[in-house]
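What follows is a single structure, written as C-alpha cells, with notes after it.
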Amino acid sequence: MSRSIYVQAQADHIESLSKATPITAIEELVWNALDADAHQVLIDVVTNPLGGVEAIRISDDGTGIDVLRADSTFGSLGGSWKRADNAATGAGRRLHGRRGCGRFKAFALGSTVEWRTTVRIGNELLSYVIRGNASEPGVFELDASPSPGPGTGTEVYVSGARANCDMFLDAAEIVQSLAAKFALYLKSYPDVRIFFCGLPVTPLVMQRSVTDIRLNVSEGAYARLEIIEWRRKFAGTGKIVLSGNDGFQLHEVPAGVRSGGTSFTAYLVSPRFPALNAENSLIMDDLNPEVRMYLDAAKAALREHFSQKGRDRDAAQIESWREDGSYPFEDGEESAERGRFDKLAVELAGRVSALADATPEDRSVLFKLLRSAMRSVPKGGLKELLK
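Numbering (numbering that gives the first Met the number 0), first residue to last: 0 to 386.
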C-alpha cells in the first residue's frame with residue numbers, strides 16, 4: 000500500500016501551524032504519544048560528528064496510528080476524533096489533542112518527518128510509515144512496511160534538524176522544563192514514564208519543595224494551589240498553570256509575583272476549569288471576571304507564601320549570626336533599633352558576599368559599625384545608600 004494524503008487547508012494556514020519553539024514541538028509530540036495510551040515515551044537526540052543536533056527521535060509503546068484513520072488524522076484540520084466531549088483514551092486517560100494540529104509542530108524541529116508506526120488490526124500487527132516534508136507540509140506519503148514491528152507503538156523521526164534544536168544538548172535544562180510541563184499529568188497517571196536522552200522526566204527529583212494550599216475563592220467556589228519550587232532555574236518558570244482535577248493542563252499565565260529568586264511553578268486546580276476552557280473563557284485571563292477571581296486568589300496566596308518564606312529565611316540567617324556570636328544584640332533585647340538593624344543586615348548580606356564569607360569575628364566588627372552608623376544617620380538614610 001502506497002498513497003498520498005492531502006491536507007484540506009490553505010498552505011499559509013498549514014505553515015502557521017508548523018511554527019513553534021523546539022521545546023513546544025517536543026511537548027506536542029509527547030502529548031500525541033500519551034493520547035495513544037503510551038506508558039513509556041523515549042526522546043532521543045541524534046548528534047553529528049561535530050556535536051550538533053542532526054535528528055530527534057520520539058518513540059512510544061502506545062496503540063499506534065490507526066491506518067484506517069490515516070486520512071482523517073493527517074488529511075484534515077479541526078476535525079480530530081479527540082474533539083468529543085469528555086474524550087478519553089482506551090485506558091481512560093484524559094485526551095490532550097482536540098484540533099488535529101499537533102502533528103504539524105514536528106516541522107518546527109526539522110525539514111523531514113517520518114511517523115513509523117505499528118498498530119493492531121484484529122489479531123494482526125500492521126506497520127507503516129507516513130512521511131512529510133516542511134517544503135510541502137500539506138502532503139503526506141503513506142507506505143506499508145513489509146515486516147511489522149514486535150509490538151504496537153510509534154516512532155517519530157525528525158531529520159534535517161533546525162539550528163535552534165541545539166538547545167536539546169543541555170539535557171538537564173530540557174528535563175527540568177518537561178518535568179514542569181507534565182508534572183500534574185505524571186502525578187495523575189503514575190504508570191507513565193517519560194525519558195529524555197536516558198534521563199527520567201521525574202518532577203520528584205527536580206523539585207525542592209511542594210506546598211498545597213486550599214483556596215476559598217468565593218462562596219461555593221474553591222480551588223487547590225500546588226506550588227512546586229524547583230532545584231534549579233530554567234526558562235518558563237514563574238507561571239500559574241490552570242488545570243482540572245485530572246491533571247490536564249488547560250492554560251497558563253505569568254504569575255507576576257516576587258519569589259525572592261526562587262524558581263517555581265504554581266498549579267491552580269479546580270473542577271470548574273474544564274467548563275470554562277470549553278467556553279474559551281480561560282484564555283481571556285483577567286478579562287473574564289470569574290477567571291480573574293481565581294487568578295487573584297492564587298496570586299494573593301503566592302505573595303503570602305513567598306513573603307513567609309522570606310521571613311523564615313531572614314530569621315534563620317539572624318539565628319545563625321546569634322549562634323556564631325557576631326550578632327550585636329543580647330538575647331531578649333527588643334527594640335525598634337534591633338528591628339531596623341535586622342532588615343538592614345539581612346539586605347546587606349544579600350548584596351555583599353564578603354559579609355557572608357567573613358569570619359564571625361570580622362562580621363561582629365562590621366555589625367557593631369553598622370549599629371553605630373544607624374544611630375548617627377537619619378532613619379532611612381542607610382537604606383538609601385544600599386540602593
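Note that CB positions come from ideal geometry on N, CA and C, so glycine has one too.
R350 sits exposed, since fewer than 16 C-beta atoms from the chains shown fall within 10 Å of its C-beta. By the beta-carbon neighbour count (other beta carbons within 10 angstroms, threshold 16), N31 is buried. Beyond the five residues adjoining it in sequence on each side, G131 comes within less than 6 Å, by CB distance, of V112 and F139 in the same chain, given in chain order.
Within the region 251-294, the runs of alpha helix (DSSP H) that reach at least 4 residues and sit entirely inside it are, in chain order, 272-277. Counting along the chain, the unbroken alpha helix (DSSP H) around S187 starts and ends at A170 to S187. Judged by DSSP secondary structure, L365 falls within the alpha helix (DSSP H) whose first and last residues are P359 to S375. S262 is positioned such that its CB atom lies closer than 8 Å to that of W229. Selection G51, I129, R93 and V290 evaluated against A105 yields I129 as nearest (Cα-Cα). By the Cβ rule, the region 185-200 does not count as touching the region 250-264, because fewer than three pairs are nearer than 8 Å.
Sorting I120, S269, D190 and Q206 by C-alpha distance to the C-alpha of Y221 places S269 at the top. Per the DSSP secondary-structure output, F195 pairs in a beta bridge with I42 and L198. The three-state reading of DSSP puts D341 in helix, counting H, G and I together. Here S258 is buried: its Cβ has 16 or more other Cβ atoms, across all protein chains shown, within 10 Å. Of all alpha-carbon atoms in S352, D245 and G324, the one lying nearest the alpha-carbon of H95 is that of D245. Boundaries cannot be given for T236, as no beta strand (DSSP E) includes it and DSSP labels it neither H nor E. Per the coordinates, the alpha-carbon of L16 lies some 10 Å from the alpha-carbon of P136.
Excluding sequence positions up to five before and after F181, its CB lies within less than 7 Å of the CB of I193 and V200, all in the same chain and listed in chain order. For a cut-off of 8 Å, the C-beta gap from C164 to I55 is around 7 Å, short enough to register as a contact.
Between I64 and V118 the beta-carbon gap is near 7 Å, inside 8 Å, which marks them as a contact. Apart from sequence neighbours up to five positions away, the residues of its chain that approach T210 with a beta-carbon distance below 7 Å are I226 and H304, ordered along the chain. If you draw a straight line from the Cα of V345 to the Cα of D313, it comes to about 6 Å. In the displayed model, I25 falls within a helix according to three-state DSSP.
For the 8 Å CB-CB criterion, V40 and L33 form a contact. Shown here, E135 sits in coil according to DSSP, grouped into three states, outside any helix or strand. In the three-state DSSP reduction, S144 falls in the coil class, being neither helix nor strand. Across the set R161, P147, P21 and V174, the C-alpha of R161 shows the shortest separation from the C-alpha of S110.
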